[in-house]
Amino acid sequence: MFKTALFTGLRQGELLGLQWDAIDFDKGTITVKRQLRREQQKGGQYYLSTPKNGKPRTVTPAPYVMQILREQWTRQTLQRFKLAGDWENTGMAFTNDTGGYLSYRTVYDCFKRIAAKIGAPGLRFHDLRHTYAVVSLQAGDDIKTVQHNLGHHTAAFTLDVYGHVTEQMQTASAERMQRFIEAVS
Numbered sequence: 127m128f129k130t131a132l133f134t135g136l137r138q139g140e141l142l143g144l145q146w147d148a149i150d151f152d153k154g155t156i157t158v159k160r161q162l163r164r165e166q167q168k169g170g171q172y173y174l175s176t177p178k179n180g181k182p183r184t185v186t187p188a189p190y191v192m193q194i195l196r197e198q199w200t201r202q203t204l205q206r207f208k209l210a211g212d213w214e215n216t217g218m219a220f221t222n223d224t225g226g227y228l229s230y231r232t233v234y235d236c237f238k239r240i241a242a243k244i245g246a247p248g249l250r251f252h253d254l255r256h257t258y259a260v261v262s263l264q265a266g267d268d269i270k271t272v273q274h275n276l277g278h279h280t281a282a283f284t285l286d287v288y289g290h291v292t293e294q295m296q297t298a299s300a301e302r303m304q305r306f307i308e309a310v311s
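Numbering (this note's numbering), first residue to last: 127 to 311.
So this is what it looks like as structure tokens:
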């Protein structure tokens, strides 16, 4: 799940609410149409709702991400056969060991263990989304594509939150301008 988050920029709730019927392996797309939420009161039930911005979106991740999801489907299918009648068929891509909803707490605990192990104990799940956005912009993805993939209403919001100008971006800009100058001179 963490690699999928890092390489798609999907929100945690969107990943936890991702069902297999929203993944098109033939087209290589993911339709983000649900998020997993939990009722506010203590012991509240989990439920599926529309994404944060209220409307579905279809994203085309890198083939590597689709391979990760294929491998997840295979692992889950083997677990489903192993448990047979004890499998809870929620249709979710990321589940607990019995097919039920994967809790936010379980994800948090696992993520914190991994973050501590790699020497980054302050890392948050949302930092995966942030990294995706910044790296996409650094790689030259246009702002409208990044906005769409992140599910933001406006490109201005995406730029305000994730559009820091790095030294690498400034150098690349200068190099592009130099090539342009040489081409027209």
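We treat Cβ as the ideally placed atom computed from N, Cα and C, and that holds for glycine. Since we're looking at a predicted model, the values are computed, not measured.
Can you tell which of Phe128, Thr130 and Arg160 has its C-alpha closest to the C-alpha of Glu140?
Arg160
Assuming Tyr227 and Val260 are in contact, meaning their beta carbons sit under 8 Å apart, how far apart are those beta carbons, in whole angstroms?
Wrong, their Cβ atoms sit about 30 Å apart, outside the cutoff.
Buried or exposed, going by whether 16 or more other CB atoms sit within 10 Å of the CB of Ile244?
exposed
Contact check, Gly135 vs Leu162, beta carbons under 8 Å:
no
Backbone CA spacing between Phe151 and Gln138 [nearest angstrom]
21 Å
With the cut-off set at 8 Å, would you say Met127 and Phe220 are in Cβ contact?
yes
Between which two residues does the beta strand (DSSP E) carrying Ser175 extend?
Tyr172 to Ser175
Leu162: first and last residue of the uninterrupted beta strand (DSSP E) it sits in
Gln161 to Arg164
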